[in-house]
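Structure first, commentary second.
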Amino acid sequence: MNKNTSVETVRLIQEIGPKINWNIKENAQLIEAILALKNADETKRFLRDLMTEGEIQEFANRLEAARLLSTDEQYKGIIERTGLSSTTIARIAKWLEGSPGGYRLVLSRLSHHHNSSKLRKGLSLT
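Shown next, in the form of structure tokens:
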């Protein structure tokens with residue numbers, strides 16, 4: 104690994120989550136577990152066992168807020184539709200606009216997969 108790759112890796116880790124150590128056993132195991140899932144049924148069963156009903160709904164609402172933000176929906180409408188706070192929506196907007204953009208990545212893949220509405224121009228991955 105050269106010096107430039109090292110600097111890029113550190114920058115990427117800081118952007119992904121500077122307070123999260125993705126290399127500790129438990130965090131790495133969670134990532135591997137998610138990657139091991141093969142279909143929607145397996146994913147539903149894993150999420151049901153991993154999280155409470157409230158947590159599942161919270162994460163679903165956050166993804167919906169990201170989708171709505173990507174279509175230029177106003178905060179007030181997102182609050183009404185999801186029940187999320189403006190602070191949570193602002194945090195989602197920050198991650199949605201930022202790099203490396205996990206929300207953007209997922210929304211782009213869902214858009215291509217479901218042939219649903221396209222992300223606004225500023226959120227394109229290409």
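In my numbering, the protein residues as written are 104 to 229.
Cβ coordinates follow ideal geometry from the N, Cα and C atoms, glycine included.
Every value quoted in this text rests on a predicted model; they were computed, and no experiment measured them.
8 Å Cβ shell around residue i - same chain, five flanking residues per side excluded
| i | result |
| --- | --- |
| Ala136 | Phe149 |
| Leu140 | Thr146 and Phe149 |
| Ile159 | Leu150 and Arg151 |
Continuous alpha helix (DSSP H) stretch holding residue i: start and end
| i | result |
| --- | --- |
| Trp198 | Ser189 to Glu200 |
| Asp152 | Ala143 to Leu153 |
| Thr174 | Where Thr174 is concerned, there is no enclosing alpha helix (DSSP H), given that its DSSP letter is neither H nor E. |
| Leu122 | Looking at the sequence provided, one finds Lys at residue 122 rather than Leu. Where Lys122 is concerned, there is no enclosing alpha helix (DSSP H), given that its DSSP letter is neither H nor E. |
Beta-carbon proximity list for residue i, same chain, < 6 Å, skipping 5 on both sides
| i | result |
| --- | --- |
| Thr155 | none |
| Leu187 | Asn164 and Ala168 |
Contacts around residue i, its chain only, beta-carbon distance under 7 Å, and the 5 residues preceding and following it disregarded
| i | result |
| --- | --- |
| Tyr178 | Ser189 and Ile192 |
| Asp152 | none |
Residue i (DSSP reduced to helix, strand or coil)
| i | result |
| --- | --- |
| Leu138 | helix |
| Leu204 | In the sequence under discussion, the amino acid at residue 204 is Gly, which differs from the Leu named in the question. Correct three-state label for Gly204: coil. |
| Gly186 | coil |
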